[in-house]
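Going down the list, the sequences are from chains A and B.
So the numbering used here is basically just the index in the first sequence, starting at one, shifted up by 96.
So the numbering used here is basically just the index in the second sequence, starting at one, shifted up by 96.
Protein chains: 2
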Amino acid sequence: MREVAILGVGQIPVREHWELSIRHLAVEAARNAMHDAGVERIDGLYVSNMTSGELNQQRQLGALVADYLPQHGVEAVKLEAACGSAGSAMRQGIIAIASGEMDAVLVVGVEKMTETPGKTTTAALVTAADADYETPHGITFVSLNALVMQRYMHEYGYQHGDFAPFAINAHANGAKNPNAMFRDPISQRAYERGRMVADPITLFDASPIGDGAAALLLVPAEKAPDAVRVIGSASATDTLSVHDRENPLWLAASEQSVQRAYAQAGIGPVDVDLFELHDAFSIMAALSLEACGFAEPGQGVRLAQEGAILPNGRIPIATMGGLKARGHPVGATGLYQLAEAALQLRGDAGEAQIPDARIAMAQNIGGSGATIVTHILQRP
Amino acid sequence: MREVAILGVGQIPVREHWELSIRHLAVEAARNAMHDAGVERIDGLYVSNMTSGELNQQRQLGALVADYLPQHGVEAVKLEAACGSAGSAMRQGIIAIASGEMDAVLVVGVEKMTETPGKTTTAALVTAADADYETPHGITFVSLNALVMQRYMHEYGYQHGDFAPFAINAHANGAKNPNAMFRDPISQRAYERGRMVADPITLFDASPIGDGAAALLLVPAEKAPDAVRVIGSASATDTLSVHDRENPLWLAASEQSVQRAYAQAGIGPVDVDLFELHDAFSIMAALSLEACGFAEPGQGVRLAQEGAILPNGRIPIATMGGLKARGHPVGATGLYQLAEAALQLRGDAGEAQIPDARIAMAQNIGGSGATIVTHILQRP
């Protein structure tokens, strides 16, 4: 199987982009990635998105983005796995290059969520949950995560304030990222006074939606010896309904995909210099750290409290703001994570740079852990 | 690149399946394919679907179908390219096996369209068109095709009745397929008296929506020397808006994908024994025959009038009813086409069997020709 390298990285700021339609968001990030790579013609295009059918009355984003790039005629398709769509698209891009079918693959994640006349984003997002066994009970995505967080606090004896380090770290890091939606650091006091959303989740435990797009240009590693390499790539699934899991506090699909990716890369948690995890909610950051082997079950919050997740800590997370501060344009998020990880390894992360980062990991989660995709990248 | 074989075929009848949720439709077809293949564990799952976000309030079908198969933990994702979703999913399944990443891949197409309280299927389907430049003019998918058909009739001097052979052939063939939605042959007189939908498209020029699911189990060809082989696989795109094309009567993405597939297979149109084309509307059947080299531009209708498309003709089409009579559960259609083509090559097509079929082609179209995927299959 051919190894894959990331030759180009493209992003646009996560914002309320009312002046741009979904095609323009995607095309701008995609062109940035192609320009960064110095590539003018691609062999394949994978677009990721979750909600454009309802929120933008637009499907078939593969052909649409190909049309407007323009890369007329190019093979293109859209992938969806809820908030894990972009990691899944990256995975297909890697497989396409590995197959020998394509030599230059563009992977673009895009979501336009803030201008949706007559539709509620909450209703579009809850399609990631089980429509027969979860949604009919009136659950939303934030309330589902609130139930999990309640259980975690009960099981391991935490208070709400104990989760503050996740939000404080993310916002401090987001302040250094020009593409982040929120660029103001927050204090412990601000965290503790956060407005309640769904007990115990407050405003500072939940990531914001936004409009955004991020893209990567992939090539066979042998053609780009100086580019960031993909040394691990794996995807796994779990039950869609959280109540169907033996242990709702264990992300089995995270463990499964990360263990496979570690094995491919020939590394373990101790070798990872930074981890772009899926902190859609504070509780998901804690559970991800545990499932990926950085902390024992119930100790993810403690790890954060000890400062290990800070830029100078043992395992820096959300180094450019994470979902919490960079923002969470759902179908684009996994590619923002990978773009940020690649920039860190190139030494192009600006003020947010983690010194001497050699190995970075990115993990993208769809639903409450039903689809989890892990990628491990290495500095050239 | 490893060659790919179709080891298992699964379908359910296209119907109004009010008693089954979308997960059950998909799982039934998928299990049929696994049982047919004698395979109990898969390495990857590709699900295709177009409208489940709006019509079933359900996304993340990859994880959902994996959960209920059950194939816990397996890598899974959903692909979408409007009505070309299933052909696109097949394409990814082939690439995944070719890459060496997977040895047993399940590709499942599913759509549940007939039980959609408070939502209109027409509104969900028009998301395949351009939301900025087509949909705002009040266009629907049938009216878009009506404009193309008008232009074709004007350009080449046809009357509406000239298109009758497409509908008559499809319904005659559907009568022999137990999975077809409509199993009654129709007469020329019935065709001519068809109720008007969007001038000149009548009820008998338009395929019916339906609930359905079809699946294929793919393996490396070297592991299944007696199974149907995939000898050509290609996908191409065109502008999303029909008015952006130099010639709205030429399916450029069809030509591009079919030429690539012919080259891979080392064959030409003359070698194809049957062609499962995308007859969502009569006009699309004519345009497909022309773009794939079976007729000169403007001669697709004449080819049908000469009887060449009949089961005993030069190039049998819609051999098990096509979209017109088997039904068009949009995100599943491309896999019904491939399932039917595979059954023909195995000699398992029952009453609809084309004698001594050696090479079959299936072409799946998303939107009005924006995404077109072609596969060529060969008898073992």
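All residues carry an ideal CB built from backbone N, CA and C; glycine is no exception.
8 Å contact criterion, which residue i and residue j should meet: CB distance rounded
i             : j             : result
residue 115/A : residue 309/A : With 8 Å as the limit, residue 115/A and residue 309/A do not qualify as a contact, their Cβ atoms being about 14 Å apart.
residue 205/A : residue 427/A : 5 Å
residue 379/B : residue 245/B : 4 Å
residue 259/A : residue 375/A : About 11 Å; that fails the 8 Å criterion.
residue 377/A : residue 297/A : 6 Å
residue 96/A  : residue 138/A : The displayed coordinates of chain A run from 97 to 476. Any statement about residue 96/A would go beyond what the structure contains.
residue 441/A : residue 475/A : 4 Å
residue 156/A : residue 188/B : No, residue 156/A and residue 188/B are not in contact; Cβ-Cβ is about 16 Å, not under 8 Å.
residue 305/B : residue 370/B : That belief does not hold up - the Cβ atoms of residue 305/B and residue 370/B are roughly 25 Å apart, past 8 Å.
residue 169/B : residue 333/A : 6 Å
residue 165/B : residue 133/B : Not quite, the Cβ-Cβ distance comes to about 13 Å (not below 8 Å), so this is no contact.
residue 257/A : residue 288/A : 5 Å
residue 275/A : residue 109/A : 5 Å
residue 126/B : residue 202/B : 6 Å
residue 237/B : residue 225/B : 7 Å
residue 149/A : residue 149/B : 5 Å
Whether residue i touches residue j by CB criterion (7 Å)
i             : j             : result
residue 178/A : residue 463/A : yes
residue 99/B  : residue 140/B : no
residue 314/A : residue 466/A : no
residue 481/A : residue 176/A : With chain A covering only 97 through 476, there is no way to say anything about residue 481/A.
residue 414/A : residue 396/A : no
residue 180/A : residue 460/A : yes
residue 266/A : residue 420/A : yes
residue 468/B : residue 349/B : yes
residue 143/B : residue 438/B : no
residue 212/A : residue 151/A : yes
residue 323/B : residue 122/B : no
residue 227/A : residue 154/B : yes
residue 458/A : residue 272/A : no
residue 190/B : residue 368/B : no
residue 196/A : residue 174/A : no
residue 347/A : residue 404/A : no
residue 248/A : residue 385/A : no
residue 312/B : residue 129/B : yes
residue 160/B : residue 119/B : yes
Exposure of residue i, with buried meaning 16 or more beta-carbon neighbours within 10 Å
i             : result
residue 147/B : buried
residue 307/A : buried
residue 354/A : buried
residue 422/A : buried
residue 471/B : buried
residue 343/A : exposed
residue 339/B : exposed
residue 283/A : exposed
residue 292/B : exposed
residue 372/A : buried
residue 183/B : buried
residue 295/A : exposed
residue 270/A : buried
residue 255/B : exposed
residue 301/A : buried
residue 251/B : exposed
residue 37/B  : The structure shown does not extend to residue 37/B, since chain B is modelled only from 97 through 476, so no value can be given for it.
residue 280/B : exposed
residue 362/B : exposed
C-beta neighbour in chain C for residue i, strict 7 Å
i             : result
residue 171/B : You won't find chain C in this structure, because its protein chains are A and B.
Anything in the segment 173-200 of chain B with a Cβ closer than 7 Å to a Cβ of chain A? List those residues in chain order, please.
173, 174, 175, 176, 177, 178, 184, 188, 191, 192, 194, 195, 196, 197
Along the chain, which unbroken stretches of the beta strand (DSSP E) at least 3 residues long are found entirely within the segment 171-259 of chain A?
171-176, 201-207
Which residues, taken in chain order from the segment 148-165 of chain B, show a beta carbon closer than 7 Å to some beta carbon of chain A?
149, 150, 152, 153, 154, 155, 156, 158, 159, 160, 162, 163
Threshold first: 3 residues or longer. Then list the beta strand (DSSP E) segments lying entirely within the segment 269-318 of chain B, N to C.
Within the segment 269-318 of chain B, the runs of beta strand (DSSP E) that reach at least 3 residues and sit entirely inside it are, in chain order, 292-294, 308-316.
Near-chain A residues of the segment 103-136 of chain B (beta-carbon distance less than 9 Å), N- to C-terminal order
117, 118, 119
At a CB distance below 9 Å, what residues from the segment 332-346 of chain A approach chain B? Give them in sequence order.
For chain B, the residues of the segment 332-346 of chain A that bring a beta carbon within less than 9 Å of one of its beta carbons are 332, 333, 334, 335, 336, 337, 340, in chain order.
Proximal residues, the segment 221-236 of chain A versus chain B, C-beta separation under 8 Å:
222, 223, 224, 226, 227, 228, 231
Note down, one range per segment and in chain order, each beta strand (DSSP E) of at least 3 residues found wholly within the segment 382-433 of chain A.
If we require 3 residues or more, the segment 382-433 of chain A turns out to have no beta strand (DSSP E) run fully inside it.
Please list the segments of the alpha helix (DSSP H) lying wholly inside the segment 99-156 of chain B, counting only runs of 4 or more residues, in order along the chain.
118-133, 148-151
Counting only Cβ-Cβ distances shorter than 7 Å, please list the residues of the segment 360-391 of chain A near chain B, keeping chain order.
none
Along the segment 450-472 of chain A, what residues have a CB closer than 8 Å to any CB found in chain B?
462, 463, 466, 467
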